[in-house]
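Report on one structure; see the data block that follows.
Chains as they are written, first to last, in the numbering used here: chain D, 12 to 481; chain W, 12 to 481.
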């Protein structure tokens, strides 16, 4: 064995030459070193250093998730409203206030159950969860034979065979898509419309494979929709392992039955609130750059990524700007929207408020794709994104990679209808659907550095837009 | 509340226009669409689709980590040698064989203990772990007053005050560095040389703040070194929370004592093995493109990221090439190196073997920075990296971002001394030191998709190099 000294020298050389070199150009801005932008470069560096040293985004996320799941209408959602209002006041933001929005109040009720009874294997419990908005089953549950389909086309071919059955939509997300949101978009229709389409064919229940790329025991819920005039039947999601087991057992025993007990209920709507705070612009206070996420979450976990992260991003971004002593020309506003998950009323009521009549929203940046490593910004149409390219190097210097055409999310979409430029923070999506709408969306799955990098990027972009306009 | 139908339409529009658009250019190759490269483009796509559909990298990682921690000289390390040899044979690789290398056999011994005894707080247990290569304490432990330093300069200024004391190196990794390996490089010297430098000043022990950017209760071990002729004193790492507690208590009670009990021991060296398998080149079999990681790990966890991931990457990459029916002109070889962590003998003995005399290693690709989202390849010097830029678009199409100058890791460094082009797979580093060398480096911290993307990238690069040469 050669001596450890030589080996350590070798390690030393490797660190200096090999590992550090590839990122040594982090703060070089060749190709965009015009003097008028040196100030932004210095500001980006300053915000980066401050953010990475202090990492308050993770502390904000701890506060938000500390109340637990925040489904619209729940006391936890209201607690989160109060906590974030308090955080904004403690930060010394201007014009901190709440804006009312009516929200649904659906509750899951007591423990849910799902079970397969087959001739070969007896009765086996599987993890299920009611899909948001579903009606309950009878109190003793329902039990019926099952028909497995991969699509609505297959459903439509069933004819009478669907009658009295539970329709089992077993459509996996496509693992071959790099952008997991694309894979989600390709399968989410069965969760949203599965029950109502099944009911049209006389089915008594709908069971939907969970929307995740992992094989595990967690049901992933989300919103569903009943069409007016179509009989309402109960709908549940089943974990991916449960779905695979059911599919396997169906091949051996097509006559097996599936049982499920759901005790969810729709209560009266409640009044909840968007939480708003800002740094008032020094020259054009009526022109607004908005940053936001949504406070409400699904009820199976405290929604750390969806969308505690987006709220923490926005709060930390506005703190970084304020505490860096920056005085933006235009107003930078943080909005914690209520009710993205159960109908999007917060975003609509924000735009409809009479307060908006005296305001011009130039741009809105939404974070609602998790607290993972931020890759880039999705910015308006191709022409607008091209204009933003001149700033790409700023964001590359703080760890991001690109600016591309695209937009934000559900909360700011109504602003877009009024001409506001919509921007989305785009973190890497590989891990998002591991946790999305399931019991796994907890703070332990969030890395404080990845989260902070998103907040830093939003702070830098919001500040530049507040100075430059759109 | 507006109707759910409108809201769902809105969601639908957002998905189609906003979320999917930013990545819709995934497989476009503008600027590098020359016909001679269409084959590589098609191959990259094919490997990507196969990899993401099958995701065997995670299965290989399960197998490797199933044996537990794999410290050199341990029976688990030997079990991993056998398991990976078997995997290569089952894969139908050519010339599967083992190559011997002598490895140290240091063992941690029984449960370790650390405790702070201060006037105000009594005795408090804190998490410690012997640093790899440390001698044991007396069987009842040692206990002594503590001097906290942040650097060797501070140590050198202590003079007689170090005598008979435990030197507590409380130097945190710098959170302001985007590349966490740079932050590691700035603090690792205290772990490696802390004991021997402290001993020169008459200290009786060394205690080193764990090398992680998280605040938690996990000690992070690693290798240390005693200088010849300097008294050997025991050295332990302490969790970051333990280090912060000790530092706080020292401010209140500078006379407090720190106790630690370590029962580690250096046993006789053992003979272990590198594991080698390949796809023999169809035209120039003697010219080799090597891919590798290291099988050994530290002993506090099964080393899922360090470096189970690198082994899984290499195994999956060579499987993807083979099962895609590709017949590379040059030989593509996977090497599971033994003993990267405890002296690097595997890499040196690989180069020194007489088998190498009939071989020319054109390039070696190492994966030893974890199984996270792959960002790019670090490739040789600036000139070489520039040449590789023409292939950057291939890798951008499979989710990576860049090719930059840089290199591999410890295992392939000896090949570099012989002129082989060294290449490192560079995943994102934000989460790496959360787990590195600690009890947290377990398979649950690995995302199968992130891991697979690294294997796919290595497969594509190895295949292109095997066709094109360097």
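Where a beta carbon is used, it is the ideal one built from N, C-alpha and C, also for glycine.
{"Item": "For residue 443 of chain D and residue 441 of chain W, what's the separation of their Cα atoms in angstroms?", "Value": "17 Å"}
{"Item": "Can you pull the DSSP bridge partners for residue 413 of chain W?", "Value": "W:387"}
{"Item": "Run down chain D in chain order and give the residues with a C-beta less than 8 Å from the C-beta of residue 442 of chain W.", "Value": "458, 460, 461"}
{"Item": "Distance check for residue 184 of chain D and residue 15 of chain D, CA to CA, integer angstroms please.", "Value": "Caution is warranted here: a pLDDT of 48 is assigned to residue 15 of chain D, below 50, making its placement in the model unreliable, and the coordinate value is therefore given only provisionally. Each residue's Cα considered, the two are about 50 Å apart."}
{"Item": "For a contact meaning CB atoms closer than 9 Å, what does residue 302 of chain D contact in chain W?", "Value": "Correct list: empty, because the minimum Cβ distance to chain W is about 17 Å."}
{"Item": "How is residue 316 of chain W classed by DSSP in three states: helix, strand or coil?", "Value": "helix"}
{"Item": "At which residues does the beta strand (DSSP E) containing residue 158 of chain W begin and terminate?", "Value": "153-160"}
{"Item": "I want to verify the contact list: residues of chain D whose CB lies under 8 Å from the CB of residue 187 of chain W, in sequence order.", "Value": "59, 60, 63, 64"}
{"Item": "Secondary structure at residue 300 of chain W, three-state DSSP: helix, strand or coil?", "Value": "strand"}
{"Item": "Cα-Cα, which of D:180, D:133, D:197, D:361 is closest to residue 187 of chain D?", "Value": "D:197"}
{"Item": "Give a yes or no on whether the C-beta atoms belonging to residue 431 of chain D and residue 468 of chain D are separated by under 8 Å.", "Value": "no"}
{"Item": "Measure the Cβ-Cβ separation of residue 232 of chain W and residue 448 of chain W and say whether it is below 8 Å.", "Value": "yes"}
{"Item": "Return the chain-ordered list of same chain residues with a C-beta closer than 8 Å to the C-beta of residue 333 of chain W, the five sequence neighbours on each side being excluded.", "Value": "102, 103, 104, 290"}
{"Item": "Does any CB atom of chain D fall closer than 8 Å to the CB of residue 384 of chain W?", "Value": "yes"}
{"Item": "Would you call the segment 79-94 of chain W and the segment 242-259 of chain W touching, i.e. three or more CB-CB distances under 8 Å?", "Value": "no"}
{"Item": "Could you tell me which of D:129, D:204, D:195 sits nearest to residue 224 of chain D, measuring between CA atoms?", "Value": "D:195"}
{"Item": "Compare the C-beta of residue 472 of chain D with all C-beta atoms of chain W and state if any pair is closer than 8 Å.", "Value": "no"}
{"Item": "List, in chain order, every chain D residue whose beta-carbon is nearer than 8 Å to that of residue 426 of chain W.", "Value": "Within chain D, no residue comes near residue 426 of chain W; the closest Cβ sits about 12 Å away, beyond 8 Å."}
{"Item": "Counting only beta-carbon atoms, is residue 321 of chain D nearer than 8 Å to chain W?", "Value": "no"}
{"Item": "Which one of W:301, W:148, W:168, W:388 has the shortest CA to CA distance from residue 274 of chain W?", "Value": "W:148"}
{"Item": "My output table needs one value for residue 42 of chain W: the three-state DSSP class, helix, strand or coil.", "Value": "Any answer about residue 42 of chain W is weak, because its pLDDT of 47 lies below 50 and its placement is not dependable; what the coordinates show is given next. Of the three classes helix, strand and coil, the one that applies to residue 42 of chain W here is coil, per DSSP."}
{"Item": "Considering only residues of the same chain and omitting the five flanking positions on each side of residue 90 of chain D, which have a CB-CB separation below 6 Å?", "Value": "78"}
{"Item": "Are there 16 or more other CB atoms within 10 angstroms of the CB of residue 357 of chain W, so buried, or fewer, so exposed?", "Value": "buried"}
{"Item": "Cβ closer than 9 Å: which chain W residues qualify as neighbours of residue 224 of chain D?", "Value": "459, 460"}
{"Item": "For residue 163 of chain W, go through chain D and note every residue whose CB falls closer than 7 Å to its CB, in chain order.", "Value": "The premise fails here: residue 163 of chain W is roughly 15 Å from chain D at the closest Cβ pair, so nothing lies under 7 Å."}
{"Item": "Using a cut-off of 9 Å between C-beta atoms, extract the partners of residue 310 of chain D located in chain W.", "Value": "Result: empty, since nearest Cβ-Cβ is about 18 Å, beyond 9 Å."}
{"Item": "Determine the DSSP secondary structure at residue 475 of chain W, reduced to helix, strand or coil.", "Value": "helix"}
{"Item": "What's the call for residue 9 of chain W, buried or exposed, on a 16-neighbour Cβ count within 10 Å?", "Value": "Because chain W here runs from 12 to 481, residue 9 of chain W falls outside it and cannot be looked at."}
{"Item": "Just checking, does the segment 255-270 of chain D make contact with the segment 305-313 of chain D on the three C-beta pairs under 8 Å criterion?", "Value": "no"}
{"Item": "Got a sec? Which residues, its chain only, sit under 8 Å from residue 330 of chain D by beta carbon, not counting five neighbours each side?", "Value": "67, 102"}
{"Item": "Kindly list the residues whose CB is nearer than 7 Å to the CB of residue 295 of chain W, restricted to its own chain and excluding five residues on each side of it in sequence; keep chain order.", "Value": "340, 341"}
{"Item": "Residue 520 of chain D to residue 162 of chain D, Cα distance in whole Å?", "Value": "The requested residue 520 of chain D does not occur in the structure, where chain D is confined to residues 12 to 481."}
{"Item": "Going by beta carbon distance, what residues of the same chain come within less than 8 Å of residue 35 of chain D, once the five residues before and after it are set aside?", "Value": "Caution is warranted here: a pLDDT of 37 is assigned to residue 35 of chain D, below 50, making its placement in the model unreliable, and the coordinate value is therefore given only provisionally. No residues qualify anywhere along the chain."}
{"Item": "To the nearest angstrom, report how far apart residue 325 of chain D and residue 466 of chain D are at their CA atoms.", "Value": "6 Å"}
{"Item": "May I ask you to check if the CB of residue 385 of chain D is nearer than 7 Å to at least one heavy atom of the ligand MN?", "Value": "The ligand MN is not part of the structure shown, which contains no ligands of any sort."}
{"Item": "Is it the case that the Cβ atoms of residue 219 of chain W and residue 176 of chain W are separated by a distance below 8 Å?", "Value": "no"}
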